[in-house]
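So for the sequence shown, numbering that gives the first Met the number 0 puts the first residue at 0; every next one is plus one.
First the structure, in the form of structure tokens, and then the observations on it.
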Amino acid sequence: MNKNKAIQWLYTELPSLERAGIVSQDTVMRLYEYYGPVSIRSRRQLTKVLLGVLGAALIGLGVILLLAHNWDALSRPTKTALSFLPLLAGQLAAGFTLLRRYSSPAWREGSGIYLALSIGASISLISQTYHITGDATSFLLTWIVLAGPLIYLLQSFTVALLYLAGITYWLGLCRFEYGPLWLFLPLALFIVPYVRSLFKENPDGFRIRLLCWELCIILPIIAGLLLQYSVPGVWILVYSGLFCAMLLHGRALLRDSRNNAFYIAGFLGLIVVSLALTYEATWEAVDTFYVEGGLDKHPWTFWYDCGVAVVFLGAGLLPAARGPGRRDDFALLAGAMPLIAAACLAARYLGVPSIGLVAVFNLYLLVFGVTTLLQGLSRDKLLTTNGGMAILSMLIIVRFFDANISFTIRGMLFIALGIAFLIANVALMRRAALKKEVSK
């Protein structure tokens, strides 16, 4: 449960508890002083924010379309004036928000998104009016740099989401158009303080959840774009480290695994990578790349890819090395995956047959699935139990496509898996209901 909602529930119960004589008036006052006032954002306030953002975006896009439709019929001075008009309107709206409506999230988000869109529109219109040459990479970089400060100036969450999507798209353009990739680091670091402030303000809030899901989508894309692919199989190290870091860091930062984007995405990503490594074709592709491709690139790309791999592996192994306060086999097995992947990749370089590496990851997934299932059953965690069952089910399913097994046997095994799922879920739900009755 959200902490603020729990405190609000306590406040609603305190008067009845005081009347029943369970707590004294002095205790009630001390509880109020200890927890302080609680402000929970209502659905009406969230609706205002969403409508404000949508309205500002539609107005901005509508102005751009109207100008584009009549653009060729206008003189150059008129074009110049109209090019700055959306930007001026956005600045006036932002100034009014800062002076009079800063406490309103709807005004901050609406004026922020409108001004951010106006910046891009003004840049493109001026460039077209005066025939200023340039490419998409430089245009997007200019737009990002000018719109980025709005995140802190207006505390605009929507602009932050667009900023993250923008720098990811810009990185993709740089990757394929040989742009300045090194600029991505300062661009990414720019938004880190804002993300940290959101975590400190309300780690269970709607904004941080949405931001985490966006990060879970763009981080694998960024990892793939940063690589030069000069090291055979480097993606194995990078993605195993990335998903391990997402799983373990998310587990440590946000305890609620049901709404934990990093935990869910990291868990799924780790399983997908492990399943991919249970195929011989994956390891044979590493060997083919080592022989035929990648080695004719610039020497610096080899060391660059090695550095990227070390960074991602370190990010994944650091939380595993710290370890939880109590024994946690799930965390240990998740943290071991990057090490197993690195060892298997090194073994492949040394000529170990791919069938042996496939066997290693089949065994790893089997142990991981059984351990997750048993941990979920022992701790009465339905999501963890289903996660363990899902690992075992996916392992069995992908092996069906490799093995020569009749459809009758496959169907019977699928039925058995379904029954096992139902039995485990019913058992856990009954145990949870029994605990509730005992606690009453």
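Glycine included, every Cβ here is placed at the ideal spot set by N, Cα and C.
* Asked: Nearest to Leu376 by CA position, among Phe83, Phe329, Pro202 and Gln227, is which residue?
  -> In this structure, Phe329 is the residue among Phe83, Phe329, Pro202 and Gln227 with its C-alpha nearest to the C-alpha of Leu376.
* Asked: By DSSP, does Asn264 sit in helix, in strand, or in coil?
  -> In the sequence under discussion, the amino acid at residue 264 is Ala, which differs from the Asn named in the question. Looking at Ala264 - three-state DSSP - the assignment turns out to be helix.
* **Backbone CA spacing between Leu421 and Leu312 [nearest angstrom]** => 37 Å
* How about Pro352 and Val285: do their beta carbons lie closer than 8 Å? -> no
* For the alpha helix (DSSP H) holding Val237, just list the boundary residues, first then last. => Val233 to Leu252
* Asked: Mind checking Ile21: buried by the 16 CB within 10 Å criterion, or exposed?
  -> With fewer than 16 Cβ atoms within 10 Å of its Cβ, Ile21 is classed as exposed.
* Decide if the region 166-176 is in contact with the region 195-203; the criterion is three or more beta carbon pairs, one per stretch, under 8 Å apart. => no
* Figure out for me which residue from Asp327, Leu16, Leu60 and Phe266 has the closest Cα to the Cα of Gly119. => Leu60
* **Under 8 Å between C-beta atoms of Pro219 and Leu252** => no
* **Close beta carbons around Tyr34, own chain, < 7 Å, minus the five adjacent residues each side** => Ile6, listed in sequence order.
* Unbroken alpha helix (DSSP H) run spanning Asp203, endpoints -> First-last for Asp203: undefined, no H or E at that position.
* Asked: Just how far apart, CA to CA, sit Asn361 and Glu213?
  -> 31 Å
* Asked: Can you tell me whether DSSP reads Asp379 as helix, strand or coil?
  -> In this structure, Asp379 counts as coil in the three-state DSSP scheme.
* Asked: Of the choices Ile414, Ser121, Leu53 and Gln374, whose alpha-carbon is the least far from that of Glu108?
  -> For Glu108, the nearest C-alpha among the options comes from Leu53.
* To do: With Gly334 as the anchor, note down where its alpha helix (DSSP H) starts and where it stops.
  => Asp328 to Tyr348
* To do: Report the rounded CA-to-CA distance for Arg18 versus Met28, giving the unit in angstroms.
  => C-alpha separation (whole angstroms): 14 Å.
* Ala345 to Ala260 span [Cα, whole Å] -> 32 Å
* Asked: Three-state secondary structure (DSSP) at Asn361?
  -> helix
* **Ordered list of alpha helix (DSSP H) runs contained in the region 49-122, each at least 4 residues** => 75-99
* Asked: If you draw a straight line from the alpha carbon of Leu91 to that of Leu180, how long is it in whole angstroms?
  -> 35 Å
* Asked: Quick one: Cα of Leu124 to Cα of Lys380, how far?
  -> 56 Å
* Where does the unbroken alpha helix (DSSP H) through Pro148 begin, and where does it stop? -> Where Pro148 is concerned, there is no enclosing alpha helix (DSSP H), given that its DSSP letter is neither H nor E.
* Under 6 Å Cβ to Cβ from Thr277, same chain only, skipping five residues before and after it: list those, please. => Closer than 6 Å at the Cβ level, and outside the excluded window around Thr277, lie Val357, Phe360 and Asn361.
* Taking DSSP as the reference, what is the three-state secondary structure of Asp134? -> The answer is coil: DSSP assigns Asp134 none of H, G, I, E or B.
* Is DSSP giving Ser23 helix, strand or coil here? -> Coil, per DSSP.
* Cα separation between Ile339 and Ala164? -> Near 33 Å, if we compare the C-alpha coordinates of Ala164 and Ile339.
* Residues near Gly368 in its chain [Cβ-Cβ closer than 6 Å; skip 5 each side] -> Gly387, Ile390 and Leu391
* DSSP state of Pro179, grouped into three classes? -> Secondary structure at Pro179: coil, using DSSP grouped into helix, strand and coil.
* Identify, in the order they occur along the chain, each residue of the same chain with its Cβ nearer than 7 Å to the Cβ of Ile150, setting aside the five sequence neighbours on each side. => Val158, Ala159, Tyr162, Ile190 and Tyr193
* Rounded to a whole number of angstroms, what is the C-alpha to C-alpha distance between Ile270 and Tyr113? -> 41 Å
* So, is Trp8 buried or exposed, given that buried needs 16 or more other C-beta atoms within 10 angstroms? -> By the neighbour-count rule (16 or more Cβ atoms within 10 Å), Trp8 is not buried but exposed.
* Asked: Shortest alpha-carbon distance to Gly306 belongs to which of Tyr101, Gly240, Trp282 and Ala342?
  -> Gly240
* **Residue of Leu116, Thr141 and Gln154 minimising C-alpha distance to Leu97** => Minimum Cα distance to Leu97 is reached at Gln154.
* Asked: When the Cα atoms are used, what is the spatial distance from Leu116 to Lys199?
  -> 29 Å
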